[in-house]
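First to last, the protein sequences are chains A, B, C and D.
Going by our numbering, the first residue of the first sequence is number 7, and it counts up by one from there.
Going by our numbering, the first residue of the second sequence is number 7, and it counts up by one from there.
Going by our numbering, the first residue of the third sequence is number 7, and it counts up by one from there.
Going by our numbering, the first residue of the fourth sequence is number 7, and it counts up by one from there.
Read through the structure below, which is laid out as structure tokens, and then see the notes.
There are 4 protein chains.
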Amino acid sequence: MRASILGGAGYVGGELLRLLADHPDVEVAQVSSGSHTNRFAHTVHPFLRGRSDLRFCDPAALEPCDVLFLAGAHDDAADEVRELEGRARHVVDLSARFRLRSAADWREWYGTEHAAPEYLERFVYGLPELHRDELIGARFASGVGCNATASILALLPLARAGLIERAVVDLKVGSSEAGARASAGGQHPARARAVRTYAATGHRHQAEIRQELGDFELSFTATAVDLVRGVACTAHVFPTEAVSEKELWGLYREHYRSEPFVRIVKERHGLYRYPEPKLLAGTNYCDVGFEVDECTGRIVVMSAIDNLMKGAAGSAVQSMNLMCGFEEARGLGFAGLHPV
Amino acid sequence: MRASILGGAGYVGGELLRLLADHPDVEVAQVSSGSHTNRFAHTVHPFLRGRSDLRFCDPAALEPCDVLFLAGAHDDAADEVRELEGRARHVVDLSARFRLRSAADWREWYGTEHAAPEYLERFVYGLPELHRDELIGARFASGVGCNATASILALLPLARAGLIERAVVDLKVGSSEAGARASAGGQHPARARAVRTYAATGHRHQAEIRQELGDFELSFTATAVDLVRGVACTAHVFPTEAVSEKELWGLYREHYRSEPFVRIVKERHGLYRYPEPKLLAGTNYCDVGFEVDECTGRIVVMSAIDNLMKGAAGSAVQSMNLMCGFEEARGLGFAGLHPV
Amino acid sequence: MRASILGGAGYVGGELLRLLADHPDVEVAQVSSGSHTNRFAHTVHPFLRGRSDLRFCDPAALEPCDVLFLAGAHDDAADEVRELEGRARHVVDLSARFRLRSAADWREWYGTEHAAPEYLERFVYGLPELHRDELIGARFASGVGCNATASILALLPLARAGLIERAVVDLKVGSSEAGARASAGGQHPARARAVRTYAATGHRHQAEIRQELGDFELSFTATAVDLVRGVACTAHVFPTEAVSEKELWGLYREHYRSEPFVRIVKERHGLYRYPEPKLLAGTNYCDVGFEVDECTGRIVVMSAIDNLMKGAAGSAVQSMNLMCGFEEARGLGFAGLHPV
Amino acid sequence: MRASILGGAGYVGGELLRLLADHPDVEVAQVSSGSHTNRFAHTVHPFLRGRSDLRFCDPAALEPCDVLFLAGAHDDAADEVRELEGRARHVVDLSARFRLRSAADWREWYGTEHAAPEYLERFVYGLPELHRDELIGARFASGVGCNATASILALLPLARAGLIERAVVDLKVGSSEAGARASAGGQHPARARAVRTYAATGHRHQAEIRQELGDFELSFTATAVDLVRGVACTAHVFPTEAVSEKELWGLYREHYRSEPFVRIVKERHGLYRYPEPKLLAGTNYCDVGFEVDECTGRIVVMSAIDNLMKGAAGSAVQSMNLMCGFEEARGLGFAGLHPV
């Protein structure tokens, strides 16, 4: 199978390249970049040094392929898909533009009319833990919001059981979420040691969470912390009825038993008793843990992912595996580093 | 006035030394350390280099003084105060042991019988924003919990107005909170880039918040992030009635108008639109900001402090100023550094 | 005395504002910024919050003043000084353009003809440790190169004693050296945890070192490390004759005995036995230490500064104090923070 | 093949576990820890979560195996090898105690009599780039010093060509070098943002460099920087005769052409033009680059490794592959992450 990446000079594009370069069922055909055309990909993605002679091609030079990843796509150019869909049997669009199923939701959260609304129903939300069956053989899959993914996988078993009355999701996120483009807020002197709430309210990923998990009162706040890769989600859940930790064990185990990339982390010993994103850098895992507050009945659910992996390229490759009929976990076996 | 510090080799002791060394109304008489006796204080606290010839004395060599700071006190040795109170006109105990007014609360949260319960009522909780009048001329003041301080100052105006039905306090804290003693969890390879929830539930500082702010449903979770000094508090407040941002402006301005060390931070421009702890390193400020969630009515209150300053030594010196009749802000004028 | 700052929105401009705001002999008259005109200065420099209502003015609106700091000056616009010199009795230009005394040196290291060569001799190199007498009452002073300053103060006693045959200067520098402007290399994901040699050879600050310290074989390499403020200089010196540590103590003590901002740091106990830049953030100190290599006779001299202070704004204010007849250390008393 | 690890709870032991867990030719038989006996290995090494049920065994319970790694060995207990050698066909001792071939060198650098000098000649220094032929089928291999490895691979082509008259090696190292044991200097508040020269002179790894590279004047200084994994070596080489960059290209290419884990990094474009350790976390690469100083003829050679990999466990597994007849690069294929 030949896979190509449109917009491959960013962080997500690099992560796709890293995964596909070692994927036994896939060959990378082309990777494009408007600003780095003709440069060796390893000058931008140093993990390719000595391993790949791939060069960035002009985006206009894209040839037909089996799987096309859109990794540099702009949210306001969704009609690009009309032009591109003829070039590939499968399309995975990692931008936000096909994550929502409803044009009205798009309008509400993104503030514009959707440019290709006829595709909204054709795309599958690319999180296999939610849409595995639909992804098998699918032609179109969207990427996922990284913050949405951490939140969804933290809350999913509770939501499915109808146990959430109110959820307050407090996210701590790394700097790679903002992408590779230079910005004042991302400069090291400003961003190092930051604990900077950038979305106290109004974060767009709420739209995905609501769409996928359904109806409960959702609050959402995101804060940047000093970390490159990673999202840590603390979900404070006020349940519709009292739940014990033992019941939570049962619920989460039941729900995630067969998931290759979701682990329950709740240890009695050691430093790492709950999920921590830094342990997951480069992996496709989502770690999930929980604790019940005896005073208030609140359930604290903690989850952690690598935003570039489970929150972007990892879920995209996992989705591709399902779309193309490969073994679902293929190419996603990295276990992580410690200490790091 | 002669001030002495018992247990001066830790981070809080160092911060007291830093503040008192430049305080125009105070002279540091003695600083003790059991493990560094006779060493120059500057070998432990490098900001004293070239500025002070002070050496650590043996704790047993403590002489009478005007103000005594207990900075290395153990929570389980509260009866030490009986022996020490004769040595000083004013005592500021920065440990947890005299923060609570009720022996029953102590038992509930610290799990032991209080060793000197007859002093509980004699100590004033050392946060001038709450107890200014009582601190003036007081003989005994407690220190404050750093996480409690950030939470209390975030919530105080809402609590006084009876507007809090439920508050979910999500704290992000720096590594200096854990003190200078070597521990596995504090080693750089383990602690760097951590986003580690160390108290999902059950954090003891809740006892102080409840005591000082009264009755509402309080949830509290604390997460370690990669920062040395600082606490960032995100308080998700579900109000008893709908409140607009304009009303919040009025409420917070009214409440904090005359406070020398509380600032409302809510900017339209620039990177630093809400409170951020790294900007406050070395200062005695508590910055407070807020935003209303249009979807749910939730109020997001954000606050930031330096845990060693407003959350410990800074509030202690501010309290001392009140106890001894000095100008309240004396010695606390540092404005902070940027970038840092 | 009224001081104004041209180009006050960058890191050095901010540091000047911080120092001058607390300087007892100076009032800040104006601070300009082309890109932030009319904005409150505290939106860019958060340490001014609640302390100053200063707004950025248009650079063209500059009024006559007693001291003018050029903090945003471009190296290729040195002729600007002709227009500006009439507006102020004293001018301190913190750019590189008047640090060298020779137009030929400028051409060699900066690759252009100097635009105002007639001023080169009128400017004093603004490092009081080298040019105190000339700075007293001077009309023009240059700023200093931060890396040059750390190197010069490490080597000065040895150079003056004619003891350097060969010096290999290996610098480790923080991210604030690159300034506030957004760049790809300065983005947090790329810059965090970097150990990135950006000038293996050819660094321009060598020109200043050579000019100020005279003739010996100088090698110079600069590497970016994960730090915001600070320069650490490791100077490996091969001496013209064998020197003992005792002799070094004598030499350095003799040389720096009366310097208010140079400290010899060489401890037997504690963690901080040699100079470390993070301890100096916000201070005007240069700490210097040394050790002799018994195997090779090499002298290792270590120095540390805050690049924005002793390496820029701090030395500039110290120079201003001399130029204007103020006490030399006025406004530069901050002792630093620990831990930080 | 069955491999066991004695002392597997530290960082190097963890890294061995990580590598061996995915090694197709090896099965991990036992991993011991005196302090964590019976605990699941994943509580200490979180990358094993959901992948391994291995528990730490008592060191005394060690059974015979094919390959034995000593990962927690103490330098002063070299006689342990007498007792252990009967338990395994191949022994790789990652401590310092068998790196030197001469008991006199041991005495000079480690200050004690070697406890098992009869083994010194039986061990091969475990760096395949130096001793590939001897390692093939060898019974005993030592580990390597991480700082020595970075230095040796930077200098090797020049040393072999007899081109080094004087080398000044300036190392920047990460915190994992100090191991997992808690220490005051390794605590996050003290170690974060450190630029701390801990060995201005006298570093023991010099003994290995001298032994392996032979006779030239060597100076060596090591400085801790804010990084977990990684060593960056800047070798300032004064050559016996002038060398051009073109000649260096020839020399290094010739020398490292067939090495699977040494890459020459010297790019014209992009951020990462020279070796950087953070790009190598988890990999077995040593990246090497160079530049000639036109002014002085100095050659600046830069190298970077992951100290836990090429500087410890990676080279040990590479050595094991040679000792046991496996493909040399087996199990060492991880390419690294970016950004990280």
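By construction, the Cβ of each residue, glycine as well, lies at the ideal position given by its N, Cα and C atoms.
A quick note: this is a predicted structure, and the numbers were derived from the prediction, not measured.
Within 9 Å of chain C by C-beta, residues of the segment 231 to 248 of chain A in sequence order: D232, L233, V234 and R235
Residue environment, G40(C), which counts as buried when at least 16 other CB atoms sit within 10 Å: exposed
Rounded C-alpha distance that separates L161(D) from A241(D): 8 Å
Contact set between the segment 277 to 297 of chain A and chain G, restricted to residues whose Cβ is under 7 Å from the partner: No chain G appears in this structure, whose protein chains are A, B, C and D.
Euclidean distance between Cα positions of L126(C) and S181(C): 30 Å
Proximity test, V346(D) beta-carbon vs the ligand MG heavy atom, cut-off 6 Å: The ligand content of the structure shown is nil, which means the ligand MG is not present either.
As assigned by DSSP and simplified to three states, the class of L159(A): helix
Beta-carbon separation (whole angstroms), S225(A) vs R304(B), contact threshold 8 Å: 5 Å
Chain-ordered neighbours of A318(A) on chain C, where CB pairs are closer than 8 Å: Chain C residues near A318(A): none, gap ~14 Å exceeds 8 Å.
Nearest candidate by alpha-carbon position, reference P70(B), set A83(B), H96(B) and G192(B): H96(B)
Beta-carbon proximity of A156(A) to A200(A), cut-off 7 Å: no
Coarse secondary structure for E334(C), derived from DSSP in three states: coil
Given V249(B) as reference, the closest of R279(B), E297(B), E334(B) and L285(B) once Cα atoms are compared: E297(B)
Min CB distance S182(B) to chain C below 7 Å: yes
7 Å CB neighbourhood of R8(B) in its chain, flanking five on each side removed: E33, A35, C71 and D72
For A206(B) and T227(B), believed in contact at Cβ under 8 Å, the rounded distance: 5 Å
Inter-stretch contact (C-beta, 8 Å, three-pair minimum) for the segment 148 to 155 of chain B and the segment 98 to 106 of chain B: yes
N- and C-terminal bounds of the alpha helix (DSSP H) containing H261(B): E251 to Y262
Coil, strand or helix - G339(C) by DSSP: coil
Integer Cβ distance of P123(B) from L285(C), believed to fall under 8 Å: Actually they do not touch by this definition, with Cβ atoms about 42 Å apart.
Endpoints, the alpha helix (DSSP H) within which G20(C) is located: Y17 to A27
Cut-off 7 Å between Cβ atoms - residues of its own chain near L314(D), not counting five sequence neighbours on either side: Y17, V18, E21, S182 and R235
Cross-chain neighbours of H195(C) in chain D, by beta carbon under 9 Å: According to the sequence shown, residue 195(C) is Pro rather than His. In chain order: H344, P345 and V346.
H211(C) vs N153(C) beta-carbon contact at 7 Å: yes
CB of P290(D) within 7 Å of CB of G320(D), strictly: In the sequence on display, residue 290(D) carries Asn and not Pro. In this structure, G320(D) lies closer than 7 Å to N290(D) by Cβ.
6 Å Cβ shell around I170(B) - same chain, five flanking residues per side excluded: L164, F222 and V243
D139(D), buried or exposed, once every other Cβ within 10 Å from all chains shown has been counted against 16: exposed
Nearest-angstrom Cα separation, counted from G317(B) out to N327(B): 16 Å
Nearest to D28(D) (by Cα), restricted to the options G339(D), N44(D) and A196(D): G339(D)
Whether R55(D) touches R279(A) by CB criterion (7 Å): no
When E218(C), A121(C) and M308(C) are compared against V175(C), the one with the closest alpha-carbon: M308(C)
Alpha helix (DSSP H) segments (min. 4 residues) lying fully within the segment 77 to 137 of chain A: 86 to 90 and 109 to 116
Where the beta strand (DSSP E) through A9(A) begins and ends: R8 to L12
Exposed unless 16 or more other CB atoms sit within 10 angstroms - verdict on A66(D): exposed
Coarse secondary structure for T240(D), derived from DSSP in three states: strand
Where the segment 45 to 66 of chain C meets chain B: residues whose CB sits under 7 Å from a CB there: R45, T49, V50, H51, P52, F53, R55, G56 and R57
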